[in-house]
Structures are given as C-alpha cells and as structure tokens.
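In my numbering, the protein residues as written are 5 to 648.
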C-alpha cells in the first residue's frame, strides 16, 4: 500500500475567537476551537494515521477519551490545522469520518447547553439554534499521495464552498451578523427583554451572572458563554467509532478590570492595615454579593496571600469583582444601576480610605491592561522542506510546554498557546517583560536547529478597561501582521496604547534593537523615569519639551536622509535640551554637551526608528528612519501606568 497524506483545517478562527464581549468569551473561543482540532487529530489516529505536524500533548488527547492522568487542559493548545502522514493506510482511510467526528462532537456539546438552559424555548428558537449550530464551521481537508505538497490547504481554500446561512431579525451582540435566539423580527425592546429575562430565570444560578441584562446572543455566542458548566458531563459517541469526553474546566476567567488592578491589589494586600482592608471588603461584598474571582489565580496576588499565612480575609478580598477597585466604575450607573449605586458610593468612600491608609507607598491603580499576541516568523518557508517537519514539531512542542509557566510567572492569564501562536492577557507592568521572555524561550526551543532560523514577533495592545474587548483583539492581529512582521521586518515587537478617546501612540522595533545587555532598554528607561526627582536622570519637563519641539520635525520620513536635520544635529539639540532641564543644578563640575549625549544615548537609541531590510538575505541589515517621539510617550506611559 502506498502512503497518503491528509491535511486538515478548521475555521473560521477570527470569527469564532476574536468576537468577544468578555475575557471569558475570548478564552472559550480558543478552548473550543482547540478541542475540536484535537477531536480531528484523534479521529485520524483512530484510523491508524500518524499526525506529523503539530506534535500534540498526549495528555490532552488522553483526556478526550477520559484517560488523562495529569492535570486536564485549561487552555487551547492545539492548532486549528495539521498535516497527517497516514502510514499503513491507503484506500481505506476515510477523510469524511474526521469531518463527521468534529461536527458530531460540536453538536453533542451544543445539545447539552440547549438542554441545560434553553429546553423551555419555542420551536422558532430551536430552528434558529439548529441552523446556526449545524452551519457554523468551515472544515477543509485534502488527501494526497504527494508528501511534498505543503500548500494544498491554501489551494483548497481557493475553492471556497462554505457559505454561512442568511440571518434575519435582530443580530447577536457578540457575533456579528448572526441572529439572536429570541427570533424577534425587528428591534423590539419589550419582546427581547421578555425572552432573555425568562432565560436568565432558569434553574441555574450561574446564568444570572453569565448573561447581563439587555444582552442578546446567537447560538454560537451562547455556547461560548455557557459550555463550561456542562463540559464535564459530555460523553458522545462519534461516527468514527469512538467516544469523546469532556472534563472539568474553570468557568471563572479574570476580567480585564481585575487583570489591570492585580499589581495594585497585591500592593494593597501587602501594605494596608487589616482594619481598612476589612472595612473595604465588607462594603464591596454588600455591593457585589459574590466572589466572582475566587478561582482566579494571578501570581503577584497569590504570593502576597501566601506571605500573609493565607488568612480568609485576604482570600475574600482577592476574590472581589475587579470593578470595585476603580472609582470610575463605582461612579458608573450602567455598571451599578438603581439601588446598587447608593452602595457603590459607600464602596468608593471605603476605597479612598483604604488608599490613603497606605500613604505615598501605594501607587494609583492603573485602568490599563495588555493583550499579548505572538507568532513565529518564516515557519511556512521551512515547513515546505519535509525533512524539517519532525524537528519543527518537536521545537514547537518544547516552546508550547513552557509558555504557561512563563505567562503565569508574569501574573498573566494564558488564553492560547499552540504551535508558534501565543495569546495572553497581562497587567500593564508585566506585558513587555513577558513578551521578551517568550521570545527568548522560542529561540531556545530552536537552538539545536541552526538551519531553521525561525524567530518570534509580538504585538502588545495596552487598552483602557472601558474599551470594547473585541476591538482590541481585532487590532492586535493587524498590529502583529502589518506592523511587527511586515513593516518592521519580522522578529520585532510592536505596541499600541489605546485610551478612551482612541489610539494614543504606536511604537515598534526589531527585537535586536530593543535589547541591550540582555535587557529591554525601554523598560530600563521607564524604571529610571519612575525614580524620585533627586534620583532620576530624566525630568518630566525634558520629555515634554523634546516631544513638543521635535515631534513634527521628522514625521513621515522614509529614510534618515529625508530628515529635516541630520542625526548628529538632532542629537546635539536634544542633549542641549537635557542640559537645560536642570541636571546641572548643584552639579560640580557641570555636564558638558558630550557627557550629556553619552548620558542620554540609550534613550536616543530608542527614539530613532529602525526597521529590518528583508531584501538582505542575511537579515542583519537595518534601515534607520527619523526621530519618533512616541518612544518618549511610551516610556512615560510605562512609568506612570497611564494614570497621570
């Protein structure tokens, strides 16, 4: 028998994962997509097929059949596409069994959600449910006897045969274009609220917190929101002759407000008097009447609780809803309407008392969190060489295995880590160091394969907690693909800062030009800026004056030769501004211009924009562009955490 090769992909990825209203939706999309991809891989193995790429954690596959011995998977870690080298299988391999297994597993889970929460609904709602559940996934596969055909899936996708069903009526608030489940034909607030109020009043208490008032969802979004409560009970016979099981997953995913507040909360737990902590807790608990973050585990907070001998008060405080740590949220009647607003005012008063009890040692709570997205560079080129497949797969497995521990060490929440892709949510303070650590780990994973020169690009979106999560996620993909990879030549890091009024700044740089002495230069500069006025080498006025005088000087230039002034002149002018910022007060002897240039050189290096020239085969050639004062804004943002 001749060998055959099976290629498989499952989508839509963006349409399922990135459309989210809460961090939990974001996690659920990645988890479910990964789970269905694992079902496909197991279905290949059941037909005695061998998956060449990617290498999947055997523990994950064991849990599909209720045989897992280690901890059950918590995040998505299986890529949505794979290549199966089907040794010992010829004409008897049935690709349609793989497709049928994925569909059956999905439909079985959907049915459990329906029976749990929506079995009381009308035939009209059931018709919407079945239409959406049965026609959502786009599954593509190719079977070939040519091992070297590595681009078959891309070619197959050009024969597009997937067309989502037409959707009428009022649309879902999470998944764009899909009809919400009440079947209301036109906007009718009374009819919509009547249907969804009945859904929220079902026997499950958790549904009251899973579905907010005036939140209307389609079947796909409803499954994302509710599947975690029934996943453990899943047991479904699949057409390919095996049984798939679910396992217990944690439905509690930290909110963006909680992630943003985490470093501040850790500091409060460490420094504040217990009587003030108890006063704040008691008022906040009266407001929220729950401990929604009880199962959330972020390292910076857990480390402090461990130092406090894990007293119950500290566990209760760390379990409070993230909004109670922000005065702006406590002032928001949309978050705390009606009678809740009166209690929110009491919580705000207790919060103020708590903050002032710690004096100047307590920094203000930052309303910014970070979305970190990373992706390998040039892997597609190397995957075209079948001799490299095994080593690439093994290197990616080493990397993926290490990702969760790295993200956890930086107090982040890992959403997805599969193959060369990483998606995580982190506090503002730790996102950039975490990205740097992941990049180092990726290079280490490939260190024994010098002929596979793959690198890791990253994008970080620093977003205000008021920003819609879906918008942040969608922009992260563009920032990674269009800026870090395309514009700056791969192996780069790109960041954007979003404030409530819109985009505040963008800064990007090849990793090699962002690192010195194995440290992130921009982070070191931010630490310098955080020091007291007597200790810091930089003043606020210096940063403001440089921005004001130079921000328009070289905007939009393509090369250094197009700058209004040559680089030497600009450096001298900035150094002169530095000398005028007061650094020579009480200094004997005073700094010279040359000494000032040397002092601010690390800052200047980050301010002159640099891109990699991909036309050079060695990848080492860089193009230096004009002065970009966004670097100064970014340093100040990191130092002041967007608060001032």
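For every residue, glycine included, the Cβ atom is placed at its ideal position computed from N, Cα and C.
C-alpha distance - residue i paired with residue j, whole-angstrom precision
i	j	result
residue 398	residue 12	20 Å
residue 71	residue 461	36 Å
residue 336	residue 345	8 Å
residue 452	residue 54	25 Å
residue 7	residue 52	12 Å
residue 437	residue 369	20 Å
residue 434	residue 414	6 Å
residue 267	residue 432	9 Å
residue 640	residue 504	18 Å
residue 663	residue 631	Shown here, the chain extends from 5 to 648; a query on residue 663 therefore has no answer.
residue 75	residue 609	46 Å
residue 247	residue 347	51 Å
residue 332	residue 319	24 Å
residue 612	residue 511	11 Å
residue 255	residue 448	34 Å
residue 22	residue 395	31 Å
residue 487	residue 501	14 Å
residue 474	residue 28	12 Å
residue 274	residue 582	38 Å
residue 417	residue 99	36 Å
residue 343	residue 290	12 Å
residue 592	residue 544	23 Å
residue 466	residue 225	25 Å
residue 629	residue 171	49 Å
residue 626	residue 490	14 Å
residue 217	residue 231	20 Å
residue 298	residue 210	14 Å
residue 548	residue 402	45 Å
Sheet register partners of residue i (DSSP bridge)
i	result
residue 248	240
residue 630	BP columns for residue 630 are empty, so no partner.
residue 502	467, 507
residue 145	12
residue 421	426
residue 653	The question about residue 653 has no answer here: the residues shown for the chain are numbered 5 through 648.
residue 497	462, 513
residue 326	None, per the DSSP bridge assignment.
residue 352	Per DSSP, none; premise fails for residue 352.
residue 524	519
residue 83	Bridge partners of residue 83: none, in fact.
residue 267	Per DSSP, none; premise fails for residue 267.
residue 431	373
Residue i vs residue j beta-carbon contact at 8 Å
i	j	result
residue 110	residue 141	yes
residue 288	residue 324	yes
residue 518	residue 81	no
residue 480	residue 375	yes
residue 220	residue 251	no
residue 483	residue 606	no
residue 496	residue 383	no
residue 509	residue 638	yes
residue 478	residue 615	no
residue 114	residue 243	no
residue 658	residue 533	A question about residue 658 goes unanswered here, because the residues of the chain that appear run from 5 up to 648.
residue 577	residue 587	no
residue 203	residue 143	no
residue 67	residue 257	no
residue 135	residue 191	no
residue 45	residue 393	no
residue 198	residue 129	no
residue 404	residue 423	yes
Residue interval of the beta strand (DSSP E) (run including residue i)
i	result
residue 461	459 to 468
residue 514	506 to 514
residue 376	372 to 381
residue 612	612 to 616
Residue interval of the alpha helix (DSSP H) (run including residue i)
i	result
residue 409	393 to 413
residue 119	99 to 121
residue 439	435 to 449
residue 456	Taken as a continuous stretch (DSSP letters only), residue 456 belongs to no alpha helix (DSSP H), as it is neither H nor E.
residue 591	Element bounds for residue 591: n/a, residue is neither H nor E.
residue 204	193 to 204
residue 478	473 to 482
residue 26	Per DSSP, residue 26 belongs to no alpha helix (DSSP H) and is neither H nor E.
residue 619	No alpha helix (DSSP H) contains residue 619, which DSSP labels as neither H nor E.
residue 549	544 to 554
Touching or not, the stretch 176 to 183 and the stretch 30 to 49, by the rule of three or more beta carbon pairs under 8 Å? no
Would you be able to state if there are at least three C-beta pairs under 8 Å between the stretch 229 to 236 and the stretch 352 to 363? no
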